[in-house]
Structures are given as structure tokens and as C-alpha cells.
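Before any comments, here is the structure.
There are 2 protein chains.
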Amino acid sequence: MKDTEQTIIDAAILIFNEDLSAPLEKVAEQAQVTRRTLHRYFKDRRELMQKCQKEIRKTCEVAMTNAYHTSENPLERLQNMFYAGLDCGSKNTFLHKLHTLHDHKHQAANEECSEYDHTFELWKGNLQVLLAKGVINQAMTVDWIHNLFQSVVAVFISSQLKGTLDRAKARELAWFSFSKGIGI
Amino acid sequence: MKDTEQTIIDAAILIFNEDLSAPLEKVAEQAQVTRRTLHRYFKDRRELMQKCQKEIRKTCEVAMTNAYHTSENPLERLQNMFYAGLDCGSKNTFLHKLHTLHDHKHQAANEECSEYDHTFELWKGNLQVLLAKGVINQAMTVDWIHNLFQSVVAVFISSQLKGTLDRAKARELAWFSFSKGIGI
DNA sequence: AAAAAATGTCCCAGATTTGGGACATTTTTT
DNA sequence: AAAAAATGTCCCAAATCTGGGACATTTTTT
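And the structure:
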């Protein structure tokens, strides 16, 4: 029993992440569905994109929040939230990309932006604690670290796509690269 | 004295890097030129894209080769090539992206691919030396490190676009994140 | 096995993107 | 200041992308 709508959304996230303006035909292809079917599930490109974004935001929000509450220890939290980020995969990087486009006007008024901000509020708060404590290289800005986080997730994803690296192994490597990369 | 063709290519690299299928209108906008002018310089989208790729490959190729020859010491080399990568900026990341797209069939027969391979041959060779010596965390694969390299360049670029971080400072941070991230 | 639901095929009209002609305007060169 | 070169404006036809109707085929449910 497969959920076509979900299949299409997943395909769209994958395609749009690589090519924002890709024709819908490509999304349909990736989802192994006809474009006609895609149009039955989504009124138009805007609606599909919005569903993608909603999905992405929800997934990341939940994952991050859960990870945050797994521990009281800031460093453990960081690690768990990092792994949560890995598990969100391209949803994570896509979300970040959408809010980082050079012509994207970030505004708290916008519901999407504020939800995005909220998702990383806990993460940033936790990071501040570690920075204040000097656990992290203090020359680093929160922004830098956030971007590095996203980047390492991207590295992880591409290693998984290639399939040359065992998932567990790749997770370890990712945490190593990230934690050392910020001076832990 | 400005070179319109070059201006357009630069604009295209910036735009296509974010949105591969973006309409040419956007490129023209970014270059502050009419779409009509753009079409005078480039027969069609394909030609523009090819010129972009040529430009990108040449720039990266030259920068990497020069950096390689600045030193005999593998570690210094790595660092110099890293900085060269930073200086190539989005050209570097775009090049990498084009050869990493999930539907990109990499083939040595293709001239573009082989030129790409060649550009990073020196880099990879040098890296192997460091790996063999144990200077780098040996659990890392060359591929992982290559991706991490590209990722950190991306982090650097976005910090520069935001403009919150001084360039020299950002370069230092980038090297820190990369070198520590691979276990140096 | 019949009914219902989902998907595919074929087709079409509207919207958008693309490439370029004709000519006016601006900028650069001589 | 005249000539040449570059760019802009306006316009148009071809190509591509988009959304959906009509109906056949396949898959799932009852």
C-alpha cells in the first residue's frame, strides 16, 4: 500500500532541491507517475511546493524538538540534534536553502519564515550555551556553525546517495567532521 | 570599460548555481542588461551554459594548479589549495554541483568530465599522501573529504554574501573547520 | 466477479519562455 | 562632430510548460 501523494512530495523535494525551477515532468518521472496523475493530486506548482515546504518544516520541527528533549546536557543535545538533522536528510538542507536564497526576503511576519526560525531556535539557544562555556571555538559565529551543520548534512546525504559508505559509519564521520570543525 | 559578455557569464553562474532552470530573464536582470542583449551574446541557453562551464573549469583548473606548485610540503599544499578553492568561490561549488547532480552520468569520455577529473587529480593525489602518512583521520575517504571541502567553501561564500564576517577572518575560520573536520 | 478507485493515454488550449527582426537611442571610437 | 558599436524598445512566432477534459486500462475494495 503506497501513498502516491507522499511519493510525489518526496520526489518533488529531491528534484526541487537540485533544481528549483525544474519542470513538473521531472518530478513526475522521479515519482514514477504520469504528469497527469501529479496534476490530480496538486492543483498547480505553487500548491505542490507549499505541500513540500509544509512537510519539510513539520519533519524538521518535530525531529529537532524531540532531539532537544533527549538530554539535559548541552553537548549531548548538540550531538542528538545533529543526528536528527542527518535523519531529516535533504528535507533539512532544502529547508535551509529556501531561506538562504539570495533573493529571499526573510521576514518574521511571514508564517513560513517564523516557523523556520522557531525550528532552529532551540538549536541556537543550546549552541549559545556551549559557546558561552567555551566548549566551542569562540571565534565562530552561530551563523557559521549553523551553515556548517547544514553543509555536513549535505556531505552525509551525498555519501548515502553514492552508497559507498555504510550509514552508521557515515553518521560517525559526519559527527566527527562537524564537532571537530567547530572546535570541540 | 566593462565586458558585457563576462558580466553576463558571471551573472549566469550566480543565478544557475541557485536555480539551474531559472529563466534567462533572471540572468539578464542580475547582469543589469536586457534579455535582448543577452541573446546577442549567446545563441541560446545551451551556449550560455557551456560558456559558464568553460569559464568555471578554467578558473578552477588554473587556481588549483597554481596552488599545487606553491609548495613541496603536502600539508602546506593542502592549505594553499584550500584557499585557492575559497577564492574560486561559487565557481568552485557550481562546478562540483554540476558533476554531482543525481542524474548526471559521469564519464571520462566526456571532455567536460575529464577536465573536471583532471582539475582535482592533483588535489586528490596530494590528499592520498597525507592519508597514507596518517596526518588525516584514516577513517575518511577521499570522496568524503572532497565533499567536505566543497561544503566548507559553500559556508564561506554564504558568510561573504551576508557580509557579517570579514573576509580574512572567514578564511581562517574556513580552514579551521575544514582541517579540524578531517582530523588534522 | 462486480463496483469503485486510481492511474494512464491522448488531446488541447492557455501561459510562459525563448530567440530574433526592425528600428530608436545611447555610448564609444575616430 | 561624424561614424561605428552597443544597447534598448517593441513586437512576433516558435517552442516549451502547464492544467485539465474525455475516456481506456489497471488496481484495489467489496
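Protein chains in written order, with the numbering used here: chain Y, 1 to 184; chain E, 1001 to 1184. Glycine included, C-beta positions come from ideal geometry on N, C-alpha and C.
Are any of the Cβ atoms in chain Y nearer than 8 Å to that of residue i?
i         : result
E:His1102 : yes
E:Gly1089 : no
E:Gly1183 : yes
E:Leu1165 : yes
E:Ala1031 : no
E:Glu1018 : yes
E:Lys1124 : no
E:Asn1080 : no
E:Phe1120 : no
E:Leu1148 : yes
E:Val1062 : no
E:Asn1073 : no
E:Ala1012 : no
Helix or strand or just coil, what does DSSP make of residue i?
i         : result
E:Asn1126 : helix
E:Lys1105 : coil
E:Thr1164 : coil
E:Ala1139 : coil
Y:Gln32   : coil
Y:Glu72   : coil
Y:Asn147  : helix
E:Ile1184 : coil
E:Gly1085 : helix
Y:Asn80   : helix
Need the endpoints of the alpha helix (DSSP H) that residue i sits in, please.
i         : result
E:Glu1005 : 1004 to 1018
Y:Asn186  : Nothing can be reported for residue 186 of chain Y, as the shown portion of chain Y is limited to 1 through 184.
E:Lys1064 : Before going on, a small fix: residue 1064 of chain E reads as Met here, not Lys. Note, E:Met1064: alpha helix (DSSP H), 1045 to 1068.
Y:Thr37   : 35 to 41
E:Ala1022 : First-last for E:Ala1022: undefined, no H or E at that position.
Does any CB atom of chain E fall closer than 8 Å to the CB of residue i?
i        : result
Y:Val152 : yes
Y:Thr141 : yes
Y:Phe94  : no
Y:Trp175 : no
Y:Leu161 : yes
Y:Lys180 : yes
- Task: Decide yes or no for the touch test of the region 62 to 72 of chain Y against the region 113 to 127 of chain Y: beta carbon pairs closer than 8 Å, at least 3 of them.
- Result: Pairwise C-beta distances place the region 62 to 72 of chain Y in contact with the region 113 to 127 of chain Y, as three or more of them are shorter than 8 Å.
- Message: Under 8 Å: do the region 167 to 176 of chain Y and the region 1011 to 1022 of chain E share three or more Cβ pairs, one atom per stretch?
- Response: Touching, no, given that fewer than three Cβ pairs across the two stretches are closer than 8 Å.
- Query: Using 8 Å as the Cβ pair cut-off and three pairs as the minimum, do the region 1105 to 1115 of chain E and the region 1080 to 1089 of chain E touch?
  - Reply: Touching, no, given that fewer than three Cβ pairs across the two stretches are closer than 8 Å.
- Task: Specify whether the region 72 to 83 of chain Y and the region 22 to 42 of chain Y touch according to this definition: at least 3 beta carbon pairs, one from each stretch, less than 8 Å apart.
- Result: Too few Cβ pairs lie closer than 8 Å, so no.
- Message: Any contact between the region 155 to 164 of chain Y and the region 1143 to 1153 of chain E? By contact I mean 3 or more CB pairs, one from each, below 8 Å.
- Response: At 8 Å Cβ cutoff, the stretches touch.
- Message: If the cut-off is 8 Å on Cβ atoms, which residues from the region 25 to 50 of chain Y count as contacting chain E, listed in chain order?
- Response: Those would be none; no residue qualifies.
- Query: Can at least three beta-carbon pairs, one atom from the region 1048 to 1067 of chain E and one from the region 1029 to 1036 of chain E, be found at a separation below 8 Å?
  - Reply: The region 1048 to 1067 of chain E, when compared against the region 1029 to 1036 of chain E, does not touch it at the 8 Å Cβ threshold.
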